[in-house]
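Residue numbers (the numbering used here), protein chains in the order written: chain Z, 1156 to 1676; chain P, 1125 to 1401.
We put the CB at the ideal spot given by N, CA and C, even for glycine.
Source: prediction; values computed, not measured.
Notes to accompany the following structure.
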Amino acid sequence: MSESERVLTNQTEQSAMCFKAFMLKNSTKNNINLYDHLHRLLTKVLDERPDNVVDIIEDMSREVKREFLQDKQSMLRETPLTPAAQLLAKEQRVLFLRRGEDGDQDEELVDTPLPNVNELSFFLEQAGVGLGREEMVKVFLAVKQLVDSQPLIRCRFWGKILGTEGNYLVAECEYKETEEEEVHEERAAEEGKEAEPQEDESAKGLDAIDPLPQSNYRPPPVVPKEENHRGVNKFTYFVCREPGLPWVRLPSLTPAQITVARQIRKFFTGRLDAPIVSYPPFPGNEANYLRAQIARISAATQVSPLGFYQFHEEEDEEAEEGGREIFEENVDFEGIPVSEMVDSLSSWVHHVQHILQQGRCVWVNLAENHEDDLEEEADEEEEDPEEPEPEMGPPLLTPISEDAVAGCPPWTSKMSSTLIPHYAIAVLRSNLWPGAYAYAREKKFENIYIGWGLKFASGGYTPNIPSVPQLEYPSGPEITEAMDPSLEEEQALQLAMEEERAAHEETEGLGTDDDNEEDDD
Amino acid sequence: MDSNTLYYSLDLVSGSGLTLSNEQKAALQTSLLILRKNYKFNRVLFWGKILGIKGDYFIAQGVSDDEMRPKKSLYSLNCVDWHLLPPATESVLVDVSVAANGRFVGDPSHEYKHTERPRQGERDAAVEEEVTIKVNEETRLAATVHTIDEEVSVVPRGAFIKSPHGLVQTNRSFEGLSFLEAGKLRCFLHFAKPQNLKKNSILEMAELDPSIDFLDPLSEDIPKGSWSLQFERGNTVCVIRSLLWLGLIFFHVPMTPQHGYIYMGDGLKNLELPFML
């Protein structure tokens, strides 16, 4: 018995030894073996005694392995860093530094164009809109940075436009008049320089022997741009990608940009110098497109409570053909009850001018401006251009209840709280420009836009079809290729020709007879 | 996104403008807990909100053991009273796509009608009268939620594992993507039944881990560029926005297991996407 037992234990021992040896085999990959690993794992289990060990044994095993590997890795390379985040943090740190620590701060506090973004954030949060609290504080600091660096008399956080690669924070500003002009003149000079070299190129390339076909396309007359502080260029806009990064001034707007922006639908990329690839071609790059969309959104969605603004009294007597442009804050405005603001849309009015079909706020007669051109072309164009009907948009401070309805009601109004209506604010949401919001409570109101910068397309968007290209040669019978006649057709023609000839001979014979008769007379 | 971490996650996705007011958040905190108990859900997701002209719908979803199994969706108009949405079957989806168009109204019983007239040429063949398809807004809501989930729900790679039995569960040992990985679209997967996974070449399939890579990656979507991946909050949070369903936002904090998606928008698909890129 003892003999056989010994043999048996010998056998089991042997197999145990074999198995242990197998387990002690180091992995060729990471030079650890199962035996040591199990040993460490079980020690860990004994040390920690977690609940339901069997469920999480795999995780613990992975953890043990990772601990083992991390030791070695730390020798080889440094812990990975996030340079992008760090760079931005470094840029944003400037925002949090206090400037001008002397007594002259008090003067600034008295009269500053800095908007109260904190208050905006507070009210917007009640409306269920916003960028998050910390982000708003950063935006506030960034706006403060802008106000400190530019001579502004008015500044407002306009909103945020989302792009596919980056987003734009937009600030709406008004320059002090003198400063503005200097910048404007510089810019105009630059534009003039750019325009010159294009003319030279068109002179070349004409071949005397085989002239290239001349384009008979005449571009429609260019609608003149509205000067600064007027119409669509009433405000100057600054954008920045992230709080702390530099603010970039957007160029002023031309009517052509607005008319084209109305016909295209494009996402913003987040790079101001990105080209806009579209049909009809957009005059300018993304900075211009952004400016055009901002103008359109402002004109459509900037609203204020009825009576908050009033027209300047002196201006009342002036002729109203162009529509009054200047309004001022009504000192006596008492505020409209919130429930009334929610119930009737007529208690909200637009305070930004409507943009006409022409792309301007104030209509300009193109026929007058281009008289010289017309005279030159008078022989080509026989009919006189009729005196165009002046376009008229709704005047300023028109209630939003009179907005055009296309497909869906343009506005949705609601109260911020249904449970505690006593302290709620009135919230207005635009359905035509998803992302545009307005709120009002007593004497306070504000507008904001956070969205993709695109209008809601009710009927689906159909892109413009490219116009037909000009024909290289006037189409005529000598150019168009005719079908080869079939045998039957040829024979029929031959027959017809023969008959004709015979008839002709007959008539000729008769003709000579007639002549003779005449001669006889 | 998980209702337990709603407070925290909502702040991370608010970069596109829409959040919930404090009153709604407070109401959700109470009502979703009760909802979870009443319907015996494993966990409750706050799915998002759909803006209507007269009112907004808030949507929550309950998850059972298997995360991939069709979830039960519930809607509410005031964040307190929840109603179960009808299941979105194939026939419902077809009806909705035909009949319902335009913006949501905000009234669950609102009825969309669509009359289909037999075409001129087939008049003699089909003697039938006009066919009217009626769909109420509740059904439309169910179909929309289902479609959005199918087309654009996002999870980071490795956040869910598939067991050999086919059960999909959260991966307890998921530690988040690294910053490098989080910048790549192929590390994010559609959380819906894979459509073209099997069509990949063998070479591509060889590298996949069957317990993790059982879903389609976002990078394969057509058209290319239908996703916008950005880092926000001072480049620390990875935010992905769908351009196909404007309003769907996904966030993931790299190196942490936190991730989630939410839809806040008007519930309309962006059919003009090819023109807009």
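Tell me whether the beta-carbon of Thr1143/P lies closer than 8 Å to the beta-carbon of Leu1152/P. no
Residues in its own chain within less than 7 Å of Ala1454/Z by CB, not counting five upstream and five downstream? Val1507, Gln1508, His1509 and Ile1510
Using a Cβ-Cβ cut-off of 7 Å (strictly less than) and excluding sequence neighbours within five positions of Thr1553/Z, which residues of its own chain qualify? Val1504 and His1505
Exposed or buried, what is Asn1162/P when buried is set at 16 or more other beta-carbons lying within 10 Å of its beta-carbon? exposed
Three CB pairs or more closer than 8 Å across the stretch 1214-1225 of chain P and the stretch 1255-1272 of chain P: yes
Cα-Cα separation, Met1125/P to Phe1170/P: 5 Å
Under a three-way DSSP split, which group does Thr1256/P fall into? Here Thr1256/P sits in strand by DSSP.
Leu1163/Z, buried or exposed, once every other Cβ within 10 Å from all chains shown has been counted against 16: exposed
What residues in the stretch 1185-1215 of chain Z have a beta carbon less than 7 Å from any beta carbon of chain P? Asp1214
Cβ neighbours of Trp1402/Z in the same chain (closer than 6 Å, five flanking residues each side left out): When the five nearest sequence neighbours on each side are left out, the beta carbons in the same chain lying within less than 6 Å of the beta carbon of Trp1402/Z are those of Leu1301, Phe1393 and Cys1395, in order along the chain.
From the DSSP output, read off the bridge partner residues of Cys1310/Z. Cys1328/Z
Ala1429/Z versus chain P: which residues are under 9 Å apart at the beta carbon? The contacting residues do not exist; Ala1429/Z stays about 12 Å from chain P at best.
What first and last residue would you give for the alpha helix (DSSP H) that runs through Gln1412/Z? Pro1410 to Gln1418
Could you check if Tyr1592/Z is buried or exposed, using at least 16 other CB atoms within 10 Å of its CB as the buried criterion? buried
Does any C-beta atom of chain P lie closer than 8 Å to the C-beta of Ala1358/Z? Only weak support is given to the placement of Ala1358/Z: the predicted model assigns it a pLDDT of 45, under 50, and the question is left unresolved by the model.
Beta-bridge pairing of Tyr1592/Z - partner residues as DSSP gives them: Answer is Arg1584/Z and Ile1603/Z.
Mind listing the chain Z neighbours of Asn1162/P? Cutoff is C-beta to C-beta under 9 Å, in chain order. What Asn1162/P touches in chain Z: nothing, since even the nearest Cβ is about 22 Å away.
Beta-carbon contacts of Gly1282/P that lie in its chain and below 7 Å, excluding the five residues immediately before and after: Asn1295, Phe1298 and Ile1336
Looking at chain Z, is there any beta carbon in it that lies within less than 8 Å of the beta carbon of Leu1310/P? The amino acid at residue 1310/P is misidentified as Leu; the sequence shows Arg. By this cut-off, Arg1310/P is not an interface position.
Contacting residues, own chain, Cβ-Cβ under 7 Å from Glu1546/Z (five flanking each side not counted): Excluding five sequence positions before and after Glu1546/Z, the CB atoms of its chain that fall closer than 7 Å to its own CB belong to Leu1511, Gln1512, Gln1513 and Trp1518, given in chain order.
Beta carbon of Val1284/Z nearer than 8 Å to that of Gly1141/P: Yes, Cβ-Cβ distance for Val1284/Z and Gly1141/P is below 8 Å.
Please state whether the Cβ-Cβ distance between Gly1272/P and Leu1372/P is less than 8 Å. It is worth fixing the name first, because residue 1272/P is Ile in this sequence and not Gly. Their beta carbons are under 8 Å apart, which means Ile1272/P touches Leu1372/P by this criterion.
Quick one: using the 10 Å Cβ neighbour count with 16 as the cut-off for buried, is Ser1155/P buried or exposed? With 16 or more other Cβ atoms from the protein chains shown falling within 10 Å of its own Cβ, Ser1155/P counts as buried.
Close beta carbons around Glu1441/Z, own chain, < 8 Å, minus the five adjacent residues each side: Phe1423, Thr1424, Arg1426, Leu1427, Asp1428, Ala1429, Pro1430 and Ile1431
Within a Cβ cutoff of 7 Å, which residues of the same chain sit near Pro1406/Z, ignoring the five residues on either side of it in sequence? Ala1442, Asn1443 and Arg1446
Between the stretch 1563-1578 of chain Z and chain P, which residues of the former have CB atoms less than 9 Å from a CB of the latter, in chain order? Cys1563, Pro1564, Thr1567, Lys1569, Ser1571, Ser1572, Thr1573, Leu1574 and Ile1575
Taking a cut of 7 Å between CB atoms, which residues from the stretch 1434-1462 of chain Z lie near chain P? none
For the beta strand (DSSP E) holding Gln1293/P, just list the boundary residues, first then last. Val1292 to Thr1294
Within the same chain, show all residues whose beta-carbon is closer than 7 Å to that of Asn1619/Z, passing over the 5 residues directly before and after it, in chain order. Gln1418, Tyr1434 and Pro1435
Residues bridged to Cys1203/P [DSSP beta-bridge criterion]: Answer is none; Cys1203/P lacks a bridge partner.
With 9 Å as the C-beta to C-beta threshold (strictly closer), list the residues of the stretch 1580-1613 of chain Z near chain P in chain order. Arg1584, Asn1586, Pro1589, Gly1590, Tyr1592, Ile1603, Tyr1604, Ile1605, Gly1606, Trp1607, Leu1609, Phe1611, Ala1612 and Ser1613
Report all residues from its chain with a CB closer than 8 Å to the CB of Met1570/Z; omit the five preceding and five following residues, and keep chain order. Val1493, Ser1494, Val1497, Pro1576, Ala1579, Ile1580, Ala1581 and Val1582
For the structure I just gave you, are there three or more beta carbon pairs, one from the stretch 1341-1357 of chain P and one from the stretch 1306-1314 of chain P, closer than 8 Å? yes
Step through the CB atoms of chain Z and report whether any lies within less than 8 Å of the CB of Leu1301/P. Leu1301/P does not count as touching chain Z.
Going residue by residue through the stretch 1353-1397 of chain P, where are the continuous beta strand (DSSP E) segments of at least 3 residues, counting only ones entirely within it? You should have 1361-1366, 1372-1376 and 1383-1389.
Cys1173/Z by DSSP, collapsed to three states: which one? Under the three-state reduction of DSSP output, Cys1173/Z falls in the helix class.
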